[in-house]
Structure formats: structure tokens, C-alpha cells
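Here's the structure, in C-alpha cells; my notes come after.
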Amino acid sequence: MKKATVKTERNVVRALARSRCGGYVLLRRAPGDRLAGRWELPGGTVEAGESLERALARELHEEAGLASLAAPTLISTARRRSPRGTHLHEHAFRVEAEGSPTLSHEHDAFFLWHPGAAAPGELTESAAELLAFAQAA
Numbered sequence: 223m224k225k226a227t228v229k230t231e232r233n234v235v236r237a238l239a240r241s242r243c244g245g246y247v248l249l250r251r252a253p254g255d256r257l258a259g260r261w262e263l264p265g266g267t268v269e270a271g272e273s274l275e276r277a278l279a280r281e282l283h284e285e286a287g288l289a290s291l292a293a294p295t296l297i298s299t300a301r302r303r304s305p306r307g308t309h310l311h312e313h314a315f316r317v318e319a320e321g322s323p324t325l326s327h328e329h330d331a332f333f334l335w336h337p338g339a340a341a342p343g344e345l346t347e348s349a350a351e352l353l354a355f356a357q358a359a
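So for the sequence shown, our numbering puts the first residue at 223; every next one is plus one.
Structure (C-alpha cells):
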């Protein structure tokens, strides 16, 4: 008898974070990562027992040194695969952010994108979709 394959899925959050100047925060993946050189939105894995909102606040702070000004708004969910093939359930939130940008070891550059402007380089699939959403808003 054939065993059923269990598909494990990891919850992740993404922040479509708008700074006080009106630009949306993009981070460039550092060398050595499978997505090196691509621009993405702040975010990451939801830890065991952590709410999506708490994970979003933690990731925004850890990856970009920013804090939410108000409660985030869930704007989309999507099922994706990581570059390593892990199944992801992505939860994207719109959030107003404040603070002085700082980078984690995962990123080597910070950019504030404004609707109507060109992206600073190649975007991840998630970032491209969410910036299109911001462009249309």
C-alpha cells in the first residue's frame, strides 16, 4: 500500500509597508542567497504560536528597523513555493511604518519605491504582485 504524502506548508508574512514619506519599502537580498540581487518586501516565517500580526511586526523590525504606526490590513493571501521548493502560505499586509531604516544580514540595500516609478531592479514574484496592487490603489 502506498503511503500518502503529507504536504507541509509554512506560513509567511509580507509587509507592503509605506513609510511616512509615502514610499514603499523594498529590500535587496544579499549575495549568497538563492534570491541574491532581487528586491522584495520585508517579511518572513511565522513562528510557532505567533499571530500573523505579531510576526509581521517582528519581521518589519528585524529586516528593516521599522515599526507599524497602526494595525496592519490584510490585503492578500497566496500559495507559493520557495526557491528550495517549500510550500508557502503567504499573508500580505498593508501597513504604515516609521523609523530609521536598518538592514539585517539577509539584505544589502534599502529602497523607497513610489507608485509610478520604475522598480530599482528585478523583483521577487511576491513583490511584483504587491507593488502592482499598490500602483492600482
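A virtual CB, placed ideally from N, CA and C, is assigned to each residue, including glycine.
Is residue j closer than 9 angstroms to residue i when the C-beta atoms are compared?
i	j	result
E281	G259	no
A341	L263	no
R250	H329	yes
L274	A237	no
A286	L325	yes
E272	A292	no
Can you have a look at residue i and say buried or exposed, based on whether 16 or more other CB atoms are within 10 angstroms of its CB?
i	result
A349	buried
S290	buried
A358	exposed
H354	The sequence shown places Ala at residue 354, not His. A354 should be labelled exposed.
A270	exposed
P253	exposed
How far does the beta strand (DSSP E) with residue i in it reach, from first residue to last?
i	result
A331	H329 to W335
S348	Premise fails: S348 lies in the alpha helix (DSSP H), E347 to A358, not in any beta strand (DSSP E).
L250	One point to set straight first is that residue 250 is Arg, not Leu, in the sequence displayed. Run containing R250: Y246 to R251, per the beta strand (DSSP E) assignment.
T295	T295 to R303
Would you mind reading off the limits of the alpha helix (DSSP H) that contains residue i?
i	result
L282	L274 to A286
Between which residues of its own chain and residue i is the CB-CB distance below 7 angstroms, once the five residues before and five after are set aside?
i	result
L296	H313 and F315
H336	G244 and G245
S241	V247, A319 and L334
Starting from the C-beta of residue i, find all residues in its chain whose C-beta is less than 8 angstroms away, skip the five residues before and the five after it, and write them out in chain order.
i	result
L257	R251, P305 and T346
G210	Residue coverage of the chain in this structure runs from 223 to 359, which leaves residue 210 outside it and unanswerable.
R301	E231, H309, L310, H311 and E312
L352	R236, L238, L263, I297, S298 and A314
Starting from the C-beta of residue i, find all residues in its chain whose C-beta is less than 6 angstroms away, skip the five residues before and the five after it, and write them out in chain order.
i	result
G321	G287, L288 and A289
A331	R250
E231	H309 and H311
P323	A286, G287 and F332
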